[in-house]
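Structure record follows, encoded as structure tokens.
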Amino acid sequence: MNVVPRPPCAELTDPVTAVVRALAMDMVEQAKSGHPGAPLGLAEIVSVLWRRYLRHDPTNPAWPDRDRFVLSNGHASPLLYALLHLTGYQLPIEELKRFRQLHSKTPGHPEFGVTVGVETTTGPLGQGFANAVGMAIAEKTLAAQFNRPGHAIVDHRTYVIVGDGCLMEGISHEAASLAGRLGLGKLIMLYDDNGISIDGKVIEWFADDTPKRFEAYGWHVVRAVDGHCPVAVDAALAEAIAETDKPSLICCKTVIGRGAPTKQGHQDTHGAPLGAEEVARTREALDWRHPPFAVPPNVAAEWDATHQGEVLEAGWQRRFEAYRRAYPELAAEFLRRVWGDLPSNFAAIAAELVSATAAAASSIASRKASQNALSALAKALPELIGGSADLTHSNLTHHQLTEPITRNPAGNTILFGVREFAMTAIANGLALHGGFQPYVATFLVFSDYARNAIRMSALMHQRVVYVLTHDSIGLGEDGPTHQPIEHVESLRLIPNLDVWRPSDAVETAVAWTQAIARSGGPSALALSRQILPHQPRTDEQIEAIARGGYVLIEPDAAPAAIILATGSEVRLAREAAELLAAEDIPVRVVSMPCVELFERQETAWKNRVLPLHLPVVAVEAGATRGWWRYAGRIGAVVGLDRFGESAPEKDLYKHFGFTPERVADIVRSVVGRRNLTSHC
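In this note's numbering, the protein residues as written are 253 to 932.
Listed below in structure tokens is the structure:
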């Protein structure tokens with residue numbers, strides 16, 4: 253056990269910390285909403301961390317070797333905005349005055365890409381911590397891959413602040429356990445242990461011995477730190493930095509709302525403005541005689557980190573230039589990766605992969621086709637890093653170059669264990685850090701465990717690939733607990749997430765290349781356990797897959813209807829069309845592996861593929877609701893709006909009516925209704 257003694261605390265009136273408290277309460281008071289309690293309680297902690305330890309350059313927030321700072325309890329955002337403004341980031345005082353207002357750069361919770369200097373979007377408690385674990389993994393692995401003796405170009409730390417709520421969330425257990433196992437010695441977490449949350453004193457529902465818990469995970473723990481004593485916080489941080497083999501937890505005892513004379517230590521300060529009267533009293537307690545949002549020049553000078561940041565970065569630039577002279581190819585590769593650029597020949601690599609897959613004409617499960625694509629891409633993209641939630645040999649996310657980072661720090665694979673939520677949030681951290689292209693995998697049905705972190709990928713526009721296998725009742729005997737019904741449609745509801753459900757190996761290869769090439773957001777690949785037949789295509793049709801939806805089969809005569817399908821049901825659509833062709837009912841078959849990508853196409857393409865005058869029968873072995881946008885009032889949807897059963901795949905498809913004969917019957921009915929309507 254490590255106990256940091258408690259020296260005398262600094263005065264509440266210390267202007268260096270008082271300014272942080274003043275700006276935070278001013279923001280919340282002006283907005284008439286927000287969370288002042290945590291910022292008031294954390295002022296001394298962040299003052300020590302940001303002024304003495306955090307290595308960053310406000311004039312170049314993207315400096316690759318900067319320390320990362322994550323405020324996991326994102327409701328404390330006024331604290332972060334105050335720090336960014338004070339240290340010299342491009343966040344003027346006018347933006348602090350616009351806290352929580354439309355289109356401001358100071359939203360209610362920190363948002364990556366909105367506010368300069370914000371490393372990740374936080375607010376969903378616990379996820380910021382898991383993001384930080386991903387960032388720490390990225391630092392350690394990138395260092396192992398690029399550093400050379402005498403040339404340490406990757407050497408930084410990840411600091412994260414968490415509150416009681418973050419540590420209650422299950423994701424914190426998942427992420428902390430893995431971080432301990434990986435020995436992330438440059439990950440330092442400061443725990444704001446104020447004992448208060450929205451419902452009151454947490455002792456009524458959160459009585460964990462948190463230090464013991466983290467020691468059991470393999471963390472270095474600094475206990476009983478007075479979070480309002482800068483000397484104690486400084487000593488704790490120094491001890492944590494000295495520990496290089498384990499991540500560190502610093503347990504800081506604080507008072508929520510510290511400085512508010514009648515409200516400190518009470519839940520009322522958590523999520524509501526202090527009120528004008530209490531703000532005035534707090535200003536007196538802080539001896540802060542300045543109007544709202546005013547920062548005296550002498551205090552501003554104490555906080556300004558621009559010169560020190562430039563010095564730090566300049567030192568790194570000199571080291572990098574020496575590295576570049578010694579290892580020019582490695583230096584160029586390092587810069588390519590940290591800036592997120594694909595190899596200059598990636599388009600040729602992608603085309604070759606798709607061409608080779610088409611030439612092989614293999615009838616295989618799309619999860620196997622995914623493994624083939626991943627294996628080919630891994631040879632060309634050393635930035636690929638990923639793994640599975642203890643389902644590697646079911647998801648087929650291993651390949652010839654697979655090297656777990658537990659066996660080789662410079663590896664490319666993370667053995668996540670059964671931790672779907674943390675795995676996904678860690679992948680976000682890897683992507684945010686830079687230098688890596690993460691992919692993670694589980695069964696599609698278990699994407700529910702990871703859903704909020706997938707949503708955060710989309711919100712932050714991060715390029716993460718989700719490999720979600722066993723995509724339908726086609727997985728068979730494992731039964732309804734493992735058979736996704738609503739999941740594909742549910743994922744399609746997440747804005748900015750591309751959801752692919754490929755019909756064969758060729759569409760799977762295209763899905764992978766499109767997911768890697770996509771710079772503006774994540775992609776989910778819903779893949780089959782069962783074998784899918786190869787679909788013959790022309791070169792033009794192969795090229796059209798990248799449009800999300802295209803005509804796979806066009807009858808010789810003018811089509812009477814369209815069968816629209818995805819994944820394993822494209823085979824049913826083809827066979828149904830063949831049955832109907834024998835009866836002189838010409839039918840077009842449209843494959844739509846990615847609805848979102850199809851919807852982004854120009855109107856002319858969408859009307860060419862799905863002309864408005866033709867009735868549509870949509871076929872997918874899952875929830876039907878979303879498909880009515882295409883079927884409309886004159887079409888139909890063949891889907892599944894109930895849970896599955898435990899039985900062999902072929903029996904299930906027949907039982908639930910996913911047969912060519914039934915699809916053909918429904919097309920006949922739709923065509924008949926259309927003809928009747930047109931005669932009336």
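Here a beta-carbon is modelled for each residue, glycine too, at the ideal position from N, C-alpha and C.
{"Query": "Is Ala566 helix, strand or coil when you go by DSSP?", "Result": "helix"}
{"Query": "Rounded C-beta distance between Phe586 and Phe398? I'm assuming under 8 Å.", "Result": "5 Å"}
{"Query": "Which runs of the beta strand (DSSP E) spanning at least 3 residues fall entirely within the region 640-723, listed in chain order?", "Result": "689-695 and 717-721"}
{"Query": "I think Gln714 touches Ile768, with their Cβ atoms under 8 Å apart; what is that distance to the nearest whole Å?", "Result": "Contact doesn't hold; Cβ gap of about 13 Å is too wide."}
{"Query": "State buried or exposed for His361, treating a residue as buried only when at least 16 other CB atoms are found within 10 Å of its CB.", "Result": "buried"}
{"Query": "Does the beta-carbon distance from Val414 to Ala334 come in below 8 Å?", "Result": "no"}
{"Query": "Would you say the beta carbon of Asp700 comes nearer than 7 Å to a heavy atom of the ligand ATP?", "Result": "With respect to small molecules bound, the structure shown includes none, and the ligand ATP cannot be examined in it."}
{"Query": "Would you say the region 780-794 touches the region 606-613, given that touching needs at least three Cβ pairs under 8 Å?", "Result": "yes"}
{"Query": "Among Arg400, Pro867, Ser329 and Trp764, which residue has its Cα nearest to the Cα of Arg576?", "Result": "Arg400"}
{"Query": "Per DSSP, what are the beta-bridge partners of Ala817 in this structure?", "Result": "Ser843 and Val871"}
{"Query": "By Cβ distance below 6 Å, which residues in the same chain neighbour Ala778 in space, the five residues on each side in sequence not counted?", "Result": "Leu696, Leu720, Asp723, Val740 and Arg753"}
{"Query": "Short of 8 Å in beta carbon distance, which residues of its chain neighbour Pro359, apart from the five on each side in sequence? Order them along the chain.", "Result": "Ser329, Arg352, Val366 and Thr367"}
{"Query": "As a quick exercise: from Ala552, Ile455, Ile794 and Trp555, pick the residue whose alpha carbon is nearest that of Ala603.", "Result": "Ile794"}
{"Query": "Going by alpha carbons, who is nearest to Glu848 out of Arg770, Lys902 and Gly924?", "Result": "Arg770"}
{"Query": "Exposed or buried, what is Arg659 when buried is set at 16 or more other beta-carbons lying within 10 Å of its beta-carbon?", "Result": "exposed"}
{"Query": "At what residues does the alpha helix (DSSP H) containing Leu439 begin and finish?", "Result": "Segment Leu439 to Asp445 is the beta strand (DSSP E) holding Leu439; no alpha helix (DSSP H) there."}
{"Query": "Under 7 Å Cβ to Cβ from Cys932, same chain only, skipping five residues before and after it: list those, please.", "Result": "At Cys932, the pLDDT of 49 sits below 50, so the modelled position is not reliable and the matter cannot be decided from this model."}
{"Query": "For the region 538-619, which segments carrying the alpha helix (DSSP H) assignment without a break, of at least 4 residues, lie completely within its bounds, in sequence order?", "Result": "549-555, 558-578, 580-590 and 598-612"}
{"Query": "Smallest Cα separation from Glu467: which of Ala630, Arg433 and Thr265?", "Result": "Arg433"}
{"Query": "For Arg925 and Leu866, what's the separation of their Cα atoms in angstroms?", "Result": "12 Å"}
{"Query": "Quick one: is Gly447 near chain B, going by C-beta distance under 8 Å?", "Result": "Note that chain B does not occur in the displayed structure, where there is just one protein chain."}
{"Query": "Taking the Cβ atom as the reference point for each residue, do Leu605 and Ala813 lie within a distance shorter than 8 Å?", "Result": "no"}
{"Query": "Let's see if you can read the secondary structure: which residues bound the beta strand (DSSP E) around Tyr802?", "Result": "Tyr802 to Ile805"}
{"Query": "In three-state terms, what does DSSP make of Cys932?", "Result": "At Cys932, the pLDDT of 49 sits below 50, so the modelled position is not reliable and the matter cannot be decided from this model."}
{"Query": "From what residue to what residue does the alpha helix (DSSP H) around Phe398 run?", "Result": "Gln379 to Phe398"}
{"Query": "Pick from Glu655, Ala628, Asn624 and Ala632: whose alpha carbon is nearest that of Gly639?", "Result": "Glu655"}
{"Query": "Tell me the rounded alpha-carbon separation between Phe908 and Ala683.", "Result": "41 Å"}
{"Query": "Any contact between the region 665-676 and the region 613-629? By contact I mean 3 or more CB pairs, one from each, below 8 Å.", "Result": "no"}
{"Query": "Suppose only complete runs of 3+ residues qualify. What are the beta strand (DSSP E) ranges in the region 455-526, listed by chain order?", "Result": "472-478 and 500-505"}
{"Query": "Rounded to the nearest angstrom, what separates Ile657 and Glu821 at their Cα positions?", "Result": "39 Å"}
{"Query": "When burial is assigned at 16 or more other CB atoms within 10 Å of the CB, is Arg570 buried or exposed?", "Result": "exposed"}
{"Query": "In three-state terms, what does DSSP make of Thr876?", "Result": "coil"}
{"Query": "Taking one C-beta from the region 548-559 and one from the region 473-493 each time, how about it: are there three or more such pairs within less than 8 Å?", "Result": "no"}
{"Query": "Which runs of the alpha helix (DSSP H) fall wholly inside the region 874-916 and span at least 4 residues, in chain order?", "Result": "880-883 and 901-907"}
{"Query": "Would you mind reading off the limits of the beta strand (DSSP E) that contains Leu292?", "Result": "Premise fails: Leu292 lies in the alpha helix (DSSP H), Gly289 to Val300, not in any beta strand (DSSP E)."}
{"Query": "State the beta-bridge partners of Leu335 as determined by DSSP.", "Result": "BP columns for Leu335 are empty, so no partner."}
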